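Student:
There are 2 protein chains.
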Amino acid sequence: MTYCVGICLKDGLVFLSDTRTNAGVDQIGTFRKMTLFQKDKDLFFTLMSSGNLAITQAVKEILLQGQMLNGKNLWNVDNAHDAAVVVGDAIKQVYDRDHKALEKQGIDFNCNLIFGGQVKGERPRLFNIYSAGNFIEATPETCYFQIGESKYGKPILDRVLNFSTPLNLATKCALISMDSTLNSNISIGLPLDLLVYEKNSFKASKLVTLDESNPYYKMIHQVWGEKLWAAVNSISEPSWSGANKSSAISVPAKKMGAVAIHGQPSKVRQKKAAAATLATTKKTIVKKKA
Amino acid sequence: MTYCVGICLKDGLVFLSDTRTNAGVDQIGTFRKMTLFQKDKDLFFTLMSSGNLAITQAVKEILLQGQMLNGKNLWNVDNAHDAAVVVGDAIKQVYDRDHKALEKQGIDFNCNLIFGGQVKGERPRLFNIYSAGNFIEATPETCYFQIGESKYGKPILDRVLNFSTPLNLATKCALISMDSTLNSNISIGLPLDLLVYEKNSFKASKLVTLDESNPYYKMIHQVWGEKLWAAVNSISEPSWSGANKSSAISVPAKKMGAVAIHGQPSKVRQKKAAAATLATTKKTIVKKKA
Numbered sequence: 266m267t268y269c270v271g272i273c274l275k276d277g278l279v280f281l282s283d284t285r286t287n288a289g290v291d292q293i294g295t296f297r298k299m300t301l302f303q304k305d306k307d308l309f310f311t312l313m314s315s316g317n318l319a320i321t322q323a324v325k326e327i328l329l330q331g332q333m334l335n336g337k338n339l340w341n342v343d344n345a346h347d348a349a350v351v352v353g354d355a356i357k358q359v360y361d362r363d364h365k366a367l368e369k370q371g372i373d374f375n376c377n378l379i380f381g382g383q384v385k386g387e388r389p390r391l392f393n394i395y396s397a398g399n400f401i402e403a404t405p406e407t408c409y410f411q412i413g414e415s416k417y418g419k420p421i422l423d424r425v426l427n428f429s430t431p432l433n434l435a436t437k438c439a440l441i442s443m444d445s446t447l448n449s450n451i452s453i454g455l456p457l458d459l460l461v462y463e464k465n466s467f468k469a470s471k472l473v474t475l476d477e478s479n480p481y482y483k484m485i486h487q488v489w490g491e492k493l494w495a496a497v498n499s500i501s502e503p504s505w506s507g508a509n510k511s512s513a514i515s516v517p518a519k520k521m522g523a524v525a526i527h528g529q530p531s532k533v534r535q536k537k538a539a540a541a542t543l544a545t546t547k548k549t550i551v552k553k554k555a
Numbered sequence: 266m267t268y269c270v271g272i273c274l275k276d277g278l279v280f281l282s283d284t285r286t287n288a289g290v291d292q293i294g295t296f297r298k299m300t301l302f303q304k305d306k307d308l309f310f311t312l313m314s315s316g317n318l319a320i321t322q323a324v325k326e327i328l329l330q331g332q333m334l335n336g337k338n339l340w341n342v343d344n345a346h347d348a349a350v351v352v353g354d355a356i357k358q359v360y361d362r363d364h365k366a367l368e369k370q371g372i373d374f375n376c377n378l379i380f381g382g383q384v385k386g387e388r389p390r391l392f393n394i395y396s397a398g399n400f401i402e403a404t405p406e407t408c409y410f411q412i413g414e415s416k417y418g419k420p421i422l423d424r425v426l427n428f429s430t431p432l433n434l435a436t437k438c439a440l441i442s443m444d445s446t447l448n449s450n451i452s453i454g455l456p457l458d459l460l461v462y463e464k465n466s467f468k469a470s471k472l473v474t475l476d477e478s479n480p481y482y483k484m485i486h487q488v489w490g491e492k493l494w495a496a497v498n499s500i501s502e503p504s505w506s507g508a509n510k511s512s513a514i515s516v517p518a519k520k521m522g523a524v525a526i527h528g529q530p531s532k533v534r535q536k537k538a539a540a541a542t543l544a545t546t547k548k549t550i551v552k553k554k555a
C-alpha cells in the first residue's frame, strides 16, 4: 500500500509520500511515489501516486516523455488546471491501452494521484486525480488530500490543519500523520520523500528523503508517542460515582434507554426444568429397579 | 458503518460501540450493536456486531432465544471458549439459511463480531468472531479488537494500551479512539454504549449510554482536540538550516538518493525549437510576400 498527503496552504504546498509497495505481505518493494517537474522560473509540479504500480509508472512515463496530449504537456501548459487535465489525459491513454487486459485478469484499473504545484501568474494549486482522469481541487475549506492508507493519519490532520497553517507546522503535522500510519500499518514504510514548496519560488528548495536516521523524523517518532501518552494522562478519568461533576460518566442518554441485560429465556428454563424433572423421575425409577 | 472496540485487561473488559447504521448516506439509522447476556453469578457475556444488520440481528435472535446449537447455548456453556463456539454456530446457521439468496443479490455474507465476558472459574476472555463462525482470542500481547471503521482510532490504542492498563485509563482511551473516529467519519454516530466489566463481578455495574450531553464524553470531545494541538505545538519545528541539530531535517537518507527534478525532455525542446524555426521561416516568407 501507500500513504501520501498533499497540503495546499496560503504560503505554499507540502507533499509527503512513503516508498513501500506490496503485492501481498511476501512481496514488499521500495518504489518512489513522488515525481517532480520543473521549467525554469515558470512552473513547478509535484505528482504523488497510489494504486496499481504498473499503471502509475506508465502514467508517469507519458508525462516525463513530454508526450503531447490534445496539444499539451506539463511543460507548455498555461495554468495548473490545464496541467491536471494533461495528467488526467495520460491516465486515459494508459486506460485505453491496458484496461481490457486487466479486466481479463480481474484486476481493477486503480490509480489515485495527488498533483499540485504552481504556474507563473497563478497561486499554488493542488488536485486529487482519479482513475477516470477526472479530478477535484483543494480549496481553503478543504486544504489537503490523502491517497492510499489515509484513515490512520486523518484525525491529526483534521484537528490541526487549516488554510492559514504555516508551512513548518503543516510539515510537522504531516510527519506525525505519517508516523501514526507507519506505526499501525506495516504496508507503509520508510524512507519518506518530503517536499515543502514555498509560494512563488518555482523550485524545490526544501526537499529531503527521510529514513530512520534523520534527526527530525527520529525525534518525532520518539517524542510523539510520549506526548500522546501525556495528553491522555492529563485528561481526568471517568467518574462513575458522579462525585466529580465535570467528568461524571453515569448520566443516562436523553433519547435512548440503557442496554438491556438478557437473562436465560424462560422457555429454555422451563424445558430445562422439565428435562431435570424427567431425569429425576428416571433416576427414581432406576433406583426403584435397583 | 460501525465502530466497536473491545479490550481485555488484567482487571476486566471494556466494550464500546456506536449506534449508527447506514445503507448509503441517505439511509442512516440508529441501532444498538451491543447485547448483554447474564446468568446469576455464573456468567456474563457481551456481544458487539458489525456488518450486514439483517445478518447480525438474526445471529443475535438465535442467541437470545437460547436455541440449542450442538447441545449448547449461551446459558449452559462451561467456559467462554465454548460460548464463542455457540456464537460461531449461530452465524453458520444464518449462513445456511440466507447465503444463497444473498449471493443472488450480489451481497456479501458480512458479519464481524466482538464477543467476550467471563464464566465462573475462568478469567475474563475476549474473541473476534468472523463471518465463517471461526474466531481468534485476545492475548496479553494483543489485548484489543476493533470491528467496523477501525483505522482512525487505532493509533491511539496502539500507543496507550497494554494488558496491565487500568480499566479507567482504558475506558478513557477507548472514548478518545471513538471520538477521533466520529470526528473523521460521518458513518459513525452517537449515542455510544459503554460497558466496563470488572473481573469476577458477573454483572454490568458500569454500563452507560452516552450522548452529546454526557459530561464526560462532552469533556473528552472538547479537551482532546486542544490537548492534541498542544502536543503538536510542543514539538519543535523542522530545522531546514540544520542549526538546531536535534530537529535537523535536511540530512540525506543513507540508502536512497534525493528525488530527481525533471526538466523539459530534450526531445521536446528540440521539436519545439524546430517548430519555432519553422514558424520564423514561415513568418519571414509571409513578410516577404507582404
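Chains as they are written, first to last, in my numbering: chain X, 266 to 555; chain F, 266 to 555. Where is the CB? At the ideal position from N, CA and C, for every residue including glycine. Here the structure is a predicted model, which is why all the values come from computation and not from measurement.
(1) By how many angstroms is the C-alpha of X/PHE467 removed from the C-alpha of F/THR286?
(2) At the level of alpha carbons, what is the spacing between X/ASN433 and F/ARG362?
(3) Nearest to X/GLU402 by alpha carbon, out of X/LYS416, X/ALA348, X/LEU460, X/TYR360?
(4) Strictly under 8 Å for the Cβ-Cβ distance: is X/VAL359 near chain F by that measure?
(5) Find the residues of chain F that neighbour X/MET266, judging by a C-beta separation of less than 7 Å, and give them in chain order.
(6) Give the straight-line distance between the Cα atoms of F/ASP373 and F/GLU326, rounded to the nearest whole angstrom.
(7) Is there a C-beta anywhere in chain X that falls below 8 Å from the one on F/ALA348?
(8) Is there at least one Cβ from chain X nearer than 8 Å to F/ILE486's Cβ?
(9) If you draw a straight line from the C-alpha of X/LYS275 to the C-alpha of X/PHE428, how long is it?
(10) Taking its Cβ as the centre, do 16 or more other Cβ atoms sit within 10 Å of X/ILE451, making it buried, or is it exposed?
(11) Opposite F/LYS304 in the DSSP bridges: which residues?
(12) Taking Cβ positions, are F/PRO405 and X/SER512 nearer each other than 8 Å?
(13) Contact defined as beta carbons within less than 8 Å: I believe F/THR474 pairs with X/PRO517. What is the distance between those atoms, to the nearest angstrom?
(14) Distance, Cα to Cα, X/LEU460 vs X/PHE280?
(15) Using the beta-carbon count (16 or more within 10 Å), is F/LYS298 buried or exposed?
(16) Between the stretch 352-361 of chain F and the stretch 384-400 of chain F, do three or more beta carbon pairs fall short of 8 Å?
(17) Compute the Euclidean distance between the alpha carbons of X/ASP291 and F/ASP305, then round it to the nearest angstrom.
(18) F/ILE401 lies in the beta strand (DSSP E); which residues open and close that run?
(19) On the criterion of 16 or more Cβ atoms from any shown chain inside 10 Å, does F/ASN465 qualify as buried, or is it exposed?
(20) Give me the chain A residues within the contact set of X/ASN344, using Cβ-Cβ distance strictly less than 9 Å, ordered along the chain.
(21) For F/ALA495, count neighbouring Cβ atoms within 10 angstroms of its own Cβ and tell me buried if that reaches 16, exposed if not.
(22) Just the C-alpha distance for F/LYS337 and X/SER449, rounded to the nearest angstrom, thanks.
(23) With X/ILE458 and X/ILE485 assumed to form a contact (beta carbons below 8 Å), what rounded beta-carbon distance in angstroms separates them?
(24) Return yes when the Cβ of F/THR284 is within less than 8 Å of the Cβ of F/GLY413, no when it is not.
(25) State the CB to CB distance for the pair F/CYS438 and X/VAL488, rounded to an integer number of angstroms; the pair is presumed to be in contact (CB under 8 Å).
(26) Out of F/SER315, F/SER504, F/TYR462, state which residue places its alpha-carbon closest to the alpha-carbon of F/PRO431.
(27) Are the beta-carbon atoms belonging to X/ALA302 and X/LEU318 less than 8 Å from one another?
(28) Between the alpha carbons of X/GLY381 and F/GLY454, how many angstroms are there, rounded?
(29) If you follow the alpha helix (DSSP H) that X/VAL497 is in, where does it begin and where does it stop?
(30) Measuring alpha carbon to alpha carbon, tell me which residue in X/SER478, X/SER314, X/TRP340, X/LEU378 is nearest F/LYS520.
(31) Are any of the Cβ atoms in chain F nearer than 8 Å to that of X/SER506?
(32) Please say whether X/LYS492 and F/TYR417 have beta carbons closer to each other than 8 Å?
(33) Is F/ASP423 close to chain X? Criterion is C-beta to C-beta, closer than 8 Å.
(34) Check the Cβ-Cβ distances between F/SER314 and every residue of chain X, and say whether any is below 8 Å.
(35) Closest by CA to X/GLN332, which one among X/SER499, X/VAL351, X/SER282, X/ASP343?
(36) Might you give, ordered along the chain, the residues of its own chain that have their beta carbon closer than 6 Å to the beta carbon of X/SER282, omitting 5 neighbours on each side?
Tutor: Reading from the atomic positions:
(1) 48 Å
(2) 58 Å
(3) X/ALA348
(4) no
(5) Here the premise fails: no neighbours, minimum Cβ distance about 12 Å.
(6) 20 Å
(7) no
(8) In the sequence under discussion, the amino acid at residue 486 of chain F is His, which differs from the Ile named in the question. No, its Cβ sits nowhere closer than 8 Å to a Cβ of chain X.
(9) 6 Å
(10) exposed
(11) F/LEU308
(12) no
(13) 7 Å
(14) 5 Å
(15) buried
(16) yes
(17) 49 Å
(18) 400-402
(19) exposed
(20) This model lacks chain A altogether, as its protein chains are X and F.
(21) exposed
(22) 38 Å
(23) The question names Ile, but residue 458 of chain X is Asp in the sequence shown. Contact doesn't hold; Cβ gap of about 16 Å is too wide.
(24) no
(25) The Cβ separation is near 19 Å, so there is no contact.
(26) F/TYR462
(27) Inspection of the sequence shows that residue 302 of chain X is occupied by Phe rather than by Ala. No; because the gap between Cβ atoms is not below 8 Å, this pair is not in contact.
(28) 34 Å
(29) 480-499
(30) X/SER478
(31) no
(32) no
(33) yes
(34) no
(35) X/VAL351
(36) CYS269, LYS298, MET299, MET313, ASP458
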